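Below is one structure, written out as structure tokens; the observations come after it.
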Amino acid sequence: MKQHGDMKTVLSLRGQYPMLKTDFDTSVAGFMDNIVYVDWIRLGSSLLIVISRPRGRIDYEELGNFHDLLRNLHNCFHEGDLRNKSPQRIFGQLEDIIKPLQSYKKPGETLVLSPTESMHRLPLHALKLKGEPLIKRNPIVYSYSASLMAICAERRNNSKAYRDGKSIVIGNPKADSVKIMAAASMDKSSKQLQTGTDFISPTCGMRNSDFKSAAEGAAILHYHGHAKYKSDSAAEAVLVLTGDDILTPKDVNGLQLQEGAHVTLIACYSGKQGVSLGNEPLGIVPAFLVAGASSVLATLWPIPSTAGQKFSESFYQHGLAKGADGQMRGQVDLARALQQATLDVLDV
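Everything in the sequence shown is counted per my numbering, starting at 3 for the first residue and increasing by one.
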């Protein structure tokens with residue numbers, strides 16, 4: 003059963019597909035340079051941070067009581083606090099979570115962050131280390147587990163998607179004053195990616211019946227629109243298409259994406275996820291990974307459409323845009339493209 007590709011991904015999402023460090027090192031070799039894998043682990047009532055490098059040593063430190071962390075997270079993310087407190091004040095209460103990194107990593111190294119349980123609610127890249135947001139010092143990648151990271155690396159290494167595949171830009175911008183701007187931004191992104199604008203519309207978007215054929219043929223899938231939740235459960239998340247059409251995690255699970263595909267979701271809370279009793283992440287992002295994506299970029303919190311536009315344009319400019327000959331410009335480093343796009347939006 004574990005040899006089946008989809009099942010292997012599901013088990014990795016659940017943290018039930020253990021792997022040797024040597025196997026992990028081999029899988030990520032050549033995928034990213036100068037990476038540091040950072041894992042937060044609950045051991046009894048304690049929270050540990052474990053830091054390792056490919057073909058290097060493993061270090062760990064105890065961060066304190068895990069239940070105290072959960073209590074701080076709950077207090078910090080109370081709706082009233084989010085509305086009335088500055089992000090700096092909220093994040094300042096949680097910066098001890100990443101403090102040990104100052105002793106184990108160097109600026110510029112790519113950090114692969116693997117938080118546990120409710121820590122997935124926290125944008126760790128926004129916490130400050132030595133007075134600067136972590137993402138300013140280091141490119142950041144999130145992964146649910148080391149085994150899933152290895153699977154994604156293997157997919158990417160084995161794929162010719164970016165070289166031979168097509169890009170699809172799908173939009174359902176809200177009917178308000180920014181709608182035309184959003185459509186224009188998506189059109190610009192499509193031109194950066196050397197794709198047509200067949201599925202971009204300032205008025206209608208795309209039907210569910212058309213989404214499958216478009217997504218399965220794409221090496222790069224970009225969606226700019228809205229995510230909705232029927233309840234507080236991330237398992238009830240949907241992407242809004244046109245009219246009454248929606249795309250559920252179950253719909254996404256059934257896709258057969260091109261091996262090594264990249265997915266960008268510019269939609270409020272599209273990166274929100276729940277955690278099952280078996281510590282399995284639930285939501286739209288895990289569904290795309292099960293469907294075969296090697297990377298998914300999504301928004302954890304609400305995002306203004308204008309910020310999403312600026313971010314997308316910068317991300318593709320620095321990472322995935324093709325040259326005049328229609329070919330990708332050298333090696334693709336999505337982590338550094340994400341870092342640069344984030345800093346461009348923040349203007350830091």
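Every residue gets a Cβ at the ideal spot worked out from N, C-alpha and C, and that includes glycine. Since we're looking at a predicted model, the values are computed, not measured.
Neighbour-count burial assignment, residue i, 16 or more Cβ in a 10 Å radius
i           : result
residue 215 : exposed
residue 275 : buried
residue 60  : exposed
residue 45  : exposed
residue 145 : buried
Cut-off 6 Å between Cβ atoms - residues of its own chain near residue i, not counting five sequence neighbours on either side
i           : result
residue 113 : 38, 40, 140, 142
Helix, strand or coil at residue i according to DSSP, with G and I counted as helix
i           : result
residue 69  : helix
residue 271 : coil
residue 130 : strand
residue 218 : helix
residue 263 : coil
residue 53  : strand
residue 100 : coil
residue 296 : coil
Rounded straight-line distance, which links the Cα of residue j to that of residue i
i           : j           : result
residue 251 : residue 223 : 16 Å
residue 319 : residue 226 : 17 Å
residue 230 : residue 168 : 28 Å
residue 120 : residue 259 : 29 Å
residue 309 : residue 267 : 13 Å
residue 135 : residue 228 : 27 Å
residue 53  : residue 129 : 17 Å
residue 138 : residue 110 : 9 Å
residue 349 : residue 244 : 34 Å
residue 314 : residue 269 : 12 Å
residue 290 : residue 73  : 31 Å
residue 253 : residue 263 : 17 Å
Where the alpha helix (DSSP H) containing residue i begins and where it ends
i           : result
residue 310 : 307 to 320
residue 43  : Residue 43 -> not in any alpha helix (DSSP H); beta strand (DSSP E) instead, spanning 37 to 45.
residue 2   : The displayed coordinates of the chain run from 3 to 350. Any statement about residue 2 would go beyond what the structure contains.
residue 153 : 148 to 160
residue 291 : 286 to 292
residue 252 : 251 to 255
Residues near residue i in its chain [Cβ-Cβ closer than 8 Å; skip 5 each side]
i           : result
residue 200 : Residue placement at residue 200 is poorly supported in this model, since its pLDDT is 43, which falls under 50; the coordinates still yield a value, given next. Within the same chain, residue 200 has no close Cβ partners at all.
residue 285 : 236, 237, 239, 251, 273, 274, 275, 276
Where the beta strand (DSSP E) containing residue i begins and where it ends
i           : result
residue 113 : 112 to 116
residue 137 : Careful: residue 137 lies outside any beta strand (DSSP E), inside the alpha helix (DSSP H) at 136 to 139.
residue 340 : Per DSSP, residue 340 belongs to no beta strand (DSSP E); it is in the alpha helix (DSSP H), 336 to 348.
residue 168 : 168 to 173
Residues near residue i by beta carbon distance below 7 Å, same chain, minus five either side
i          : result
residue 68 : 44, 47, 48, 49
Short CB-CB distance (under 9 Å) between residue i and chain C
i           : result
residue 302 : Considering every chain present, this structure includes no chain C. It has just one protein chain.
Proximity test, residue i beta-carbon vs the ligand MG heavy atom, cut-off 8 Å
i          : result
residue 63 : Absence of the ligand MG from the depicted structure is noted, as is the absence of any ligand whatsoever, leaving it without description.
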